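Each remark here refers to the structure printed beneath this line.
In my numbering, the protein residues as written are 50 to 167.
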């Protein structure tokens with residue numbers, strides 16, 4: 050059974066930094082997702098894409114994080130990180146990791162809370 054587990058969330062002051070990590074398990078050592086990424090959902094709002102990275106290393110960022118967040122793949126297969134700098138109170142949300150393959154469902158982690166105080 051495939052599982053995505055996020056870590057690294059927490060409480061930080063505006064202007065601070067956090068680094069989120071996501072690791073997949075249950076995929077087997079030879080399988081690699083075609084893309085992994087991060088979404089976020091703030092209270093009362095829809096879930097939105099933050100950043101994604103393909104197996105080939107192509108990255109996509111939402112306009113609201115460009116220049117502040119960096120997505121990268123980990124040294125271990127099917128891991129992904131999100132370095133978040135210059136955090137703003139409006140970045141407060143639950144951050145979810147997702148993973149896609151060419152065939153098969155989209156997988157989601159349970160989420161990690163990021164709270165940015167002003």
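Where is the CB? At the ideal position from N, CA and C, for every residue including glycine. Computed from a predicted model, the values in this text were never measured in an experiment.
Terminal residues of the beta strand (DSSP E) in which residue i lies
i: residue 59; result: 59-62
i: residue 120; result: 118-122
i: residue 111; result: First-last for residue 111: undefined, no H or E at that position.
i: residue 79; result: Segment: none, residue 79 is in no beta strand (DSSP E) and carries neither H nor E.
i: residue 166; result: 161-166
i: residue 56; result: 52-56
Helix, strand or coil at residue i according to DSSP, with G and I counted as helix
i: residue 97; result: strand
i: residue 72; result: strand
i: residue 102; result: strand
i: residue 155; result: coil
i: residue 65; result: coil
Supposed contact pair residue j and residue i - C-beta distance, whole angstroms, cut 8 Å
i: residue 138; j: residue 165; result: 5 Å
i: residue 149; j: residue 84; result: 5 Å
i: residue 122; j: residue 102; result: 6 Å
Original post:
Using 8 Å as the threshold, is the region 131-140 in touch with the region 66-74, meaning 3 or more CB pairs across them?
Top reply: A contact exists between the region 131-140 and the region 66-74.
**OP:** May I have a chain-ordered list of the beta strand (DSSP E) segments no shorter than 3 residues that lie completely inside the region 123-147?
**Re:** Residue ranges of uninterrupted beta strand (DSSP E) with 3 or more members, entirely inside the region 123-147 and ordered along the chain, are 128-133.
**OP:** Tell me, please, whether the region 120-129 touches the region 77-92 by the rule of three or more beta-carbon pairs shorter than 8 Å.
**Re:** Cβ pair count under 8 Å is three or more, so yes.
Original post:
For the region 109-124 against the region 142-156, are there 3 or more C-beta pairs whose distance is under 8 Å?
Top reply: Contact between the region 109-124 and the region 142-156 is absent, because fewer than three Cβ pairs lie under 8 Å.
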